[in-house]
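Worksheet: the structure to be examined is printed underneath.
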Amino acid sequence: MNRIVVSSDFLSGALFMLFGGGFILIARGYELGTSVQMGPGYFPLALGCGVVLIGLALCGKAFLAPAGGECAAEFHVRPALFVLGGMIVFGLALRPFGLIVSAVLMVVVASFAGSERRWWEVVLLACGLAIFSALVFVEALGVPMPLWPRGL
Amino acid sequence: MDFASNIALGMSVAITPWNIFYCFVGVTLGTLIGILPGIGPLATMAMLLPATYALEPTSALIMLAGIYYGAQYGGSTSAILLRLPGESSAVVATLDGYAMAQKGKAGVALAIAAIGSLIAGTLGTFVLAAFAPALAKLAITFGAAEYFALMVVGLVAAIVLSSGPILKSLGMLMLGLLFGLVGADINSGIDRFTFGIPELSGGVSFVVVALGLFGITEILSNLEAREKRILVSAKIGRLMPRWSELRQVMPAILRGSGLGSLLGILPGGGVTMAAFASYTMEKRVAADPDRFGKGAPEGLAGPESANNAAAQTSFIPLLTLGIPSNGIMAMMMSAMLIHNVQPGPQIITGAPTLFWGLVASMWIGNLILVILNLPMIGMWVRLLLVPYRLLFPAILLFCCIGLYSVQNNTTDIYLAVICAAIGYVFYKLRCDPVPFLLAFIIGPMLEENFRRATLLSRGDFGALLTRPLTASLLLLAVALLVLAILPKIRRTRKVAFQED
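Top line first, the protein sequences correspond to chains A and B.
First residue of the first sequence: 1, per my numbering; consecutive thereafter.
First residue of the second sequence: 153, per my numbering; consecutive thereafter.
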């Protein structure tokens with residue numbers, strides 16, 4: 001039984017059912033309309049049902065042929081945590097502190113995602129990238145972004 | 153007569169100094185990211201898309217297209233010199249290309265790949281220029297029902313020809329369609345699936361999905377792999393191939409160009425499939441197939457030409473029907489939409505300078521690749537010495553800046569974080585993200601045409617099938633799906649993609 005639960009077929013099937021079910025739940029609130037004059041709910045509802053059916057088929061496949069489904073691969077939490085965390089930090093810091101500070105913060109946070117890091121390297125990289133992106137994106141390409149902390 | 157004047161018009165657009173400059177920037181950047189294995193053309197194009205807002209639509213598309221075929225070129229460079237395929241289409245080049253490099257003929261291998269690409273690019277451009285107007289003329293007569301059927305065939309063919317398991321790809325496709333529907337409904341104006349977030353009523357931006365699913369997920373998967381130490385020791389040596397060597401590979405180049413042009417037009421087809429198909433063909437027509445894998449120049453020249461030809465002709469479905477056939481074309485399509493160019497049959501007649509300018513620029517771009525980049529290849533390859541731990545924060549930062557500049561707000565950064573998390577889980581579950589991306593951009597059009605078609609047929613689904621073209625297209629879609637699910641076909645697919 002354990003093998004069935006961890007097979008990638010089963011997990012992806014379950015995920016499809018979850019997403020499909022979610023879309024169906026929300027789409028029920030929209031007007032369905034008739035097949036002549038379809039409302040905003042018609043197409044999403046039909047697609048949501050399709051996704052759920054595929055999810056069911058995948059789960060069924062996992063039960064019927066457990067040997068065929070490969071095991072789901074190992075998830076690595078560390079890179080995901082620090083890479084995505086770095087992006088969130090960048091987003092949060094950008095408006096109040098400007099590009100220079102948030103770029104440095106992002107590079108420092110993201111550097112924890114790798115397996116090795118040297119402090120002088122991270123500091124140099126963070127400063128270099130902050131200056132480079134300020135010059136290229138804000139000064140040269142004109143992306144409207146605050147450069148420095150508010151009030152400076 | 154028509155053909156020549158069209159090409160002349162295209163040249164007059166593409167040869168302006170600024171357009172040559174953007175073409176150069178595009179192909180150089182493409183070569184760069186092609187050489188680096190950590191980042192693909194799709195993510196690069198998505199990152200740069202917001203930066204092209206200020207450009208003319210033609211210049212923007214010229215630059216973005218340059219990134220695409222420049223990456224094909226760069227990808228084969230690291231494949232030949234280091235046996236590291238920078239792009240998936242370059243996997244084939246690691247076979248005979250690397251073997252040639254080990255025999256001390258790295259320079260010749262690089263030159264053959266470049267010359268083959270140039271010839272194939274020229275041929276592919278001609279196929280595009282010759283084919284597209286005829287197809288567009290046909291497509292302009294299509295109604296909503298035909299368009300709906302055509303999109304269905306395109307999507308189904310894309311998943312049948314992709315490498316993932318069919319059932320999962322089908323699920324990803326439908327999920328992509330659903331995510332594409334997020335935002336205000338065109339007919340009723342009601343916000344759908346927006347959770348009350350005002351930034352979402354315009355829909356999730358394509359850049360967010362592309363960067364989340366491809367760019368960030370790519371970084372995450374690269375970080376898992378232990379960093380390889382790369383030694384750039386290969387001597388490049390003599391660049392110019394001898395006349396006898398050129399004569400030997402010329403038939404392979406022409407065969408590869410032909411095959412690649414053909415496969416590039418197919419929905420879901422594209423560069424990787426063309427390269428593999430050409431390698432198989434070269435092996436089959438060779439008098440002594442034993443040489444393959446041990447440095448046979450034909451085994452490099454054929455696939456390299458095929459993938460470049462396919463790169464050019466895969467623009468045909470987008471430019472004539474408005475239907476993207478792979479992830480990169482979905483990217484090009486969103487670039488067109490952002491610049492208020494509606495892809496479809498009306499482009500050729502409605503915006504001839506854009507269409508022919510883009511076509512001509514692809515040929516010029518290929519020329520730039522051979523003349524400017526080939527001699528600089530040694531310098532580019534040194535970039536591989538930069539360790540990934542220094543590279544990925546830079547890529548990540550550029551992604552964030554790109555995401556912010558889509559709408560000048562940080563919401564898109566958070567949305568991309570969500571997309572990346574979902575994308576990472578799907579990547580781990582071996583669900584191919586390409587059908588999702590294609591469906592995401594086609595979704596709104598598919599719904600619109602479906603609703604219009606059923607309205608015209610008074611809600612009678614059967615009436616859709618009485619139109620001969622619609623019926624045969626939908627039948628084709630069903631047949632493709634059935635064939636793909638049948639176990640026998642599945643086995644052959646497995647064989648065809650075993651090296652993928």
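Where is the CB? At the ideal position from N, CA and C, for every residue including glycine.
Since this is a predicted model, take the numbers as computed values, not measurements.
For this session: Find the nearest neighbour of A301/B within the set M597/B, V634/B, I637/B, judged by alpha-carbon distance.
Result: Residue 301/B sits at position 149 when you count from the first residue of the second sequence. Among M597/B, V634/B, I637/B, the Cα nearest to that of A301/B is on M597/B.
Exercise. For R344/B, which residues does DSSP report across the bridge?
Worked result: By one-based count along the second sequence, residue 344/B stands at place 192. Answer is G335/B, bridged to R344/B.
Problem set entry | Proximal chain A residues relative to S340/B, where beta-carbon distance stays under 8 Å | Locating residue 340/B in the second sequence gives position 188, where the first residue counts as 1. Result: E31, G39, P40.
For this session: Find the nearest neighbour of F50/A within the set V83/A, G13/A, G85/A, judged by alpha-carbon distance.
Result: For the purposes of this step, residue 50/A is identified with residue 50 of the first sequence, where counting begins at 1. It is worth fixing the name first, because residue 50/A is Gly in this sequence and not Phe. Answer by Cα proximity: G13/A.
For this session: Name, going along the chain, the residues of the region 310-338 of chain B whose beta-carbon falls closer than 7 Å to a beta-carbon of chain A.
Result: L319, K320, L322, G323, M326, L327, L329, L330, L333, D337
For this session: Quick one: residues in its chain with C-beta nearer than 6 Å to the C-beta of T204/B, no 5 flanking neighbours on either side, listed in chain order?
Result: For this step, residue 204/B is matched to residue 52 along the second sequence. Result list for T204/B: A212, in chain order.
For this session: Assign E651/B to one of two classes, buried (16 or more other C-beta atoms within 10 Å of its C-beta) or exposed (fewer than that).
Result: By 1-based counting over the second sequence, the position of residue 651/B is 499. Because E651/B sits at a pLDDT of 43, beneath the cut-off of 50, its placement in the model cannot be relied upon, and the point is left open.
Exercise. Does DSSP classify S353/B as helix, strand or coil?
Worked result: Numbered from its first residue, the second sequence carries residue 353/B at position 201. Reduced to three states, the DSSP call for S353/B is coil.
Problem set entry | C-alpha distance - F578/B paired with D584/B, whole-angstrom precision | The residue you call residue 578/B lines up with position 426 of the second sequence. The residue you call residue 584/B lines up with position 432 of the second sequence. Near 8 Å, if we compare the C-alpha coordinates of D584/B and F578/B.
For this session: Give the secondary structure of G614/B by DSSP, where H, G and I count as helix, E and B as strand, and everything else as coil.
Result: Working through the second sequence from its first residue, we reach residue 614/B at position 462. Helix at G614/B.
For this session: State the start and end residues of the unbroken alpha helix (DSSP H) segment that holds G295/B.
Result: Here the question's residue 295/B lines up with position 143 in the second sequence. That residue, G295/B, is in no alpha helix (DSSP H); it is neither H nor E in DSSP.
Exercise. Going by beta carbon distance, what residues of the same chain come within less than 7 Å of P393/B, once the five residues before and after it are set aside?
Worked result: Position 241 of the second sequence, counted from the start, is the residue given in the question as residue 393/B. Same-chain partners within the cutoff: V260, A263, I264.
Exercise. Under the three-state reduction of DSSP, which class applies to S477/B: helix, strand or coil?
Worked result: Locating residue 477/B in the second sequence gives position 325, where the first residue counts as 1. Looking at S477/B - three-state DSSP - the assignment turns out to be coil, as it is neither helix nor strand.
Exercise. Which chain B residues are close to F19/A, counting only those with a beta carbon under 8 Å from its beta carbon?
Worked result: By one-based count along the first sequence, residue 19/A stands at place 19. Chain B residues near F19/A: L327, L330.
Problem set entry | C-beta contact flag for A245/B and S228/B at 8 Å | Here the question's residue 245/B lines up with position 93 in the second sequence. Here the question's residue 228/B lines up with position 76 in the second sequence. Against a cut-off of 8 Å, the Cβ pair of S228/B and A245/B comes out as a contact.
Problem set entry | Closest residue to L537/B among E208/B, M199/B, L234/B (Cα-Cα distance) | As a first step, residue 537/B is located in the second sequence; it is residue number 385 there, counting from the start. Nearest option by C-alpha distance: L234/B.
For this session: Determine, using beta carbons only, whether D652/B comes closer than 8 Å to chain A.
Result: Walking along the second sequence from the start, residue 652/B turns up at place 500. Bear in mind that the predicted position of D652/B carries a pLDDT of just 41, short of 50, making it too unreliable to give a figure here.
Exercise. Quick one: Cα of G156/A to Cα of F137/A, how far?
Worked result: In this structure chain A extends from 1 to 152, so residue 156/A is not present and cannot be described.
Exercise. What first and last residue would you give for the alpha helix (DSSP H) that runs through Y225/B?
Worked result: Position 73 of the second sequence holds residue 225/B. 209-234 is the extent of the alpha helix (DSSP H) around Y225/B.
For this session: Please decide whether I26/A counts as near chain B, where near means a Cβ-Cβ distance under 8 Å.
Result: Looking up residue 26/A in the first sequence gives position 26. For I26/A, the answer is yes, since a Cβ of chain B falls inside 8 Å of its Cβ.
Problem set entry | As assigned by DSSP and simplified to three states, the class of R3/A | The residue labelled residue 3/A in the question sits at position 3 within the first sequence. Low local confidence applies: a pLDDT of 49 at R3/A is under 50, so the model's placement there is unreliable, with the coordinate-based value given in what follows. If DSSP states are grouped into helix, strand and coil, R3/A belongs with the helices.
Problem set entry | Three-state secondary structure assigned by DSSP to M38/A | Start at 1 with the first residue of the first sequence, and residue 38/A comes out as number 38. Correct three-state label for M38/A: strand.
Problem set entry | Nearest-angstrom beta carbon gap, A429/B and L452/B [assumed within contact, 8 Å] | On the second sequence, position 300 is the one that residue 452/B refers to. On the second sequence, position 277 is the one that residue 429/B refers to. Between A429/B and L452/B the Cβ distance is about 15 Å, and since that is not below 8 Å, they are no contact.
Problem set entry | Host alpha helix (DSSP H) of R78/A (start-end) | The count along the first sequence starts at 1 and reaches residue 78/A at position 78. Per DSSP, R78/A belongs to the alpha helix (DSSP H) from 77-111.
Exercise. Would you say L147/A faces chain B, with C-beta separation under 8 Å as the test?
Worked result: Here residue 147/A refers to the residue found at position 147 when the first sequence is read from its first residue. Cβ-Cβ to chain B under 8 Å: no for L147/A.
Exercise. By a C-beta neighbour count over all protein chains shown, 10 Å radius and 16 as the cutoff for buried, is S115/A buried or exposed?
Worked result: Counted from its first residue, the first sequence places residue 115/A at position 115. Exposed, by the Cβ-count rule.
Exercise. Per DSSP, which one or two residues make a beta bridge with G33/A?
Worked result: Within the first sequence, numbered from 1, the residue matching residue 33/A stands at position 33. Partner(s): M38/A.
For this session: Along the alpha helix (DSSP H) that carries A403/B, what are the first and last residues, could you check?
Result: Here residue 403/B refers to the residue found at position 251 when the second sequence is read from its first residue. A small correction: the amino acid at residue 403/B is Pro; Ala does not occupy that position in the sequence shown. 395-417 is the extent of the alpha helix (DSSP H) around P403/B.
For this session: State the Cα-Cα distance for the pair V107/A and I371/B, rounded to the nearest angstrom.
Result: Taking the first residue of the first sequence as position 1, residue 107/A is located at position 107. Taking the first residue of the second sequence as position 1, residue 371/B is located at position 219. Each residue's Cα considered, the two are about 14 Å apart.
For this session: Kindly indicate the opening and closing residues of the alpha helix (DSSP H) around K580/B.
Result: Translated into the one-based positions of the second sequence, residue 580/B becomes position 428. Counting along the chain, the alpha helix (DSSP H) containing K580/B begins and ends at 563-580.
Problem set entry | Where the alpha helix (DSSP H) containing P171/B begins and where it ends | Here residue 171/B corresponds to residue number 19 of the second sequence, with the count starting at 1. A small fix is needed here, since residue 171/B is Asn in this sequence, not Pro. Run containing N171/B: 169-187, per the alpha helix (DSSP H) assignment.
Exercise. Are the beta-carbon atoms belonging to G595/B and G332/B less than 8 Å from one another?
Worked result: Taking the first residue of the second sequence as 1, we reach residue 595/B at position 443. Taking the first residue of the second sequence as 1, we reach residue 332/B at position 180. Cβ atoms of G595/B and G332/B: closer than 8 Å.
Exercise. Taking Cβ positions, are C552/B and F90/A nearer each other than 8 Å?
Worked result: Along the second sequence, read from residue 1 onward, the residue named residue 552/B stands at position 400. Along the first sequence, read from residue 1 onward, the residue named residue 90/A stands at position 90. In contact: C552/B and F90/A (Cβ atoms closer than 8 Å).
Exercise. Taking a cut of 8 Å between CB atoms, which residues from the region 82-97 of chain A lie near chain B?
Worked result: V83, L84, G86, M87, I88, F90, G91, L92, L94, R95
Problem set entry | Separation of L275/B from L406/B, as counted between CA atoms | Numbered from its first residue, the second sequence carries residue 406/B at position 254. Numbered from its first residue, the second sequence carries residue 275/B at position 123. Taking the straight line joining both Cα atoms gives about 9 Å.
For this session: Excluding the 5 residues preceding and the 5 following V165/B in the sequence, name in chain order all residues of the same chain whose CB lies nearer than 6 Å to its CB.
Result: Translated into the one-based positions of the second sequence, residue 165/B becomes position 13. Within the same chain, V165/B has close Cβ partners T505, G509.
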